[in-house]
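Visitor: A single structure is presented below for examination.
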Amino acid sequence: MWCLVALPPMARAGRRRPSTSVPRRGRTLAALPCGCRCGRRHLIGASSAAALIPLLTPRSPAAPPIDPEVMLERVHPSRPDWYEEFYATAMDQGMKSYEAEIAGYKAKLFSQLSATGKNILELGVGTGPNFKYYASNVGVNVIGVDPNKHMEDYARTAAVSAGLPSSSFTFKRGVAEALPVEDNSMDAVIGTLVLCSVNNIDMALREIYRVLKPGGHYLFVEHVAAPVLSVCVADGSLLRFVQGAFDPLQQFVADGCHLTRKTGENIRGVGFSSLSLASVRLSTAYIISPHVYGVASK
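The numbers in the sequence shown follow this note's numbering, run straight up by one, and end at 1229.
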């Protein structure tokens, strides 16, 4: 059953002391200390003050908070080429049973894109398993973002097979924490099985909110931690216990994937104007069987 949750708009920063903060896009960034160890300056020349102006000037509102290439290397530095190629191949071949079971839920979810605008960003585009649900819509332009460069060939093949012209698909190597697109530029953002492996889930969700146009939609399908049941063992349900035990190994072998994130709660906390959220439990993959899916609107 769909759960409709009315959420407050994105909070705006309150009054700030100009000496300690810099406003930007409704949020506050703490100003960095200058590093001086000599205490208070008694005299500041006009030329010195002028030199500081560029440092205090806010970045363009069209820019991500941090340079996307810098963030990419910070949170997802390049793996050995053989590993990234192997992982892309494994994702292409190893997810077929999962995709078969989740297909009905995705079809229902992505049907809402037919009446939406045409600029779509797919986060963690991977090998392109979602293209068949929406890429044939007339006039669609898709930006696929993924840190693994070897996903591009698979994604392009899937896009063409789904009816999306090659000229309408752009692949960008990047991460969710600094999306390589401008503010308020996307009619929709899609993310399936991606927030489990981002480095900072709340930063990623704020970036999704940033790039969406007012009224734009964020469509998601994510596996989550199993609910804890009080009648079970001390650490929760049996599945939740297993997830906790295997979480470190999963992160190591599955490119940073976490088993115990409560992603639905993170999405609720972003400040979307509305959210429809549903839960489902799949049978094809025991350890990641609990899922949430839905649509959040800016």
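From the three backbone atoms N, C-alpha and C, an ideal C-beta is built for every residue, glycine too.
1) Based on the DSSP output, what are the partners of MET1117 in its beta bridges?
2) Just to check my reading of the structure: GLY1075 and MET1117 have Cβ atoms closer than 8 Å, yes? What is that Cβ distance to the nearest angstrom?
3) Check whether the Cβ atoms of VAL1142 and LEU1095 sit closer than 7 Å, and answer yes or no.
4) Suppose you measure from the CA of ALA1090 to the CA of LYS1144; what does that come to, to the nearest Å?
5) Name the residue from ALA1227, GLN1182 and LEU1170 whose alpha carbon lies nearest to the alpha carbon of GLU1197.
6) Among VAL1001, LYS1229 and ALA1019, which has the Cα closest to the Cα of GLU1083?
7) Give the straight-line distance between the Cα atoms of ARG958 and LEU1206, rounded to the nearest whole angstrom.
8) Please go through the same chain and pick out, in chain order, the residues whose beta-carbon is closer than 6 Å to the beta-carbon of TYR1036, but skip the five residues on each side of it.
9) How long is the line joining the alpha carbons of TYR1149 and GLY1055, rounded to whole angstroms?
10) If you pair each beta-carbon of the segment 1176-1184 with each one of the segment 1000-1013, do three or more pairs fall below 8 Å?
11) Checking the sheet assignment: what are the DSSP bridge partners for PRO1179?
12) Can you grab the Cα-Cα spacing for the pair CYS1188 / ILE1219, in whole Å?
13) Classify PRO999 as helix, strand or coil using the three-state DSSP reduction.
14) Please report the straight-line C-alpha distance between ASP1178 and LEU1190, rounded to a whole angstrom.
15) Could you please give the first and the last residue of the uninterrupted beta strand (DSSP E) stretch that includes LYS1103?
16) Using the Cα positions of LYS1027 and ALA1034, report the straight-line distance between them to the nearest angstrom.
17) Which one or two residues does DSSP pair with HIS1154 in a beta bridge?
Guide: Reading off the structure:
1) LEU1143
2) Not really, about 12 Å apart at Cβ, beyond 8 Å.
3) no
4) 24 Å
5) The question names Glu, but residue 1197 in the sequence shown is Asn. Here the closest residue by C-alpha is ALA1227.
6) ALA1019
7) Bear in mind that a pLDDT of 43 at ARG958, under 50, signals an unreliable position, so the number given afterwards is only what the model happens to contain. Approximately 22 Å, taken between the alpha carbons.
8) TYR1224
9) 13 Å
10) no
11) Partner(s): none; PRO1179 has no beta bridge.
12) 10 Å
13) helix
14) 5 Å
15) 1100-1104
16) 10 Å
17) HIS1222
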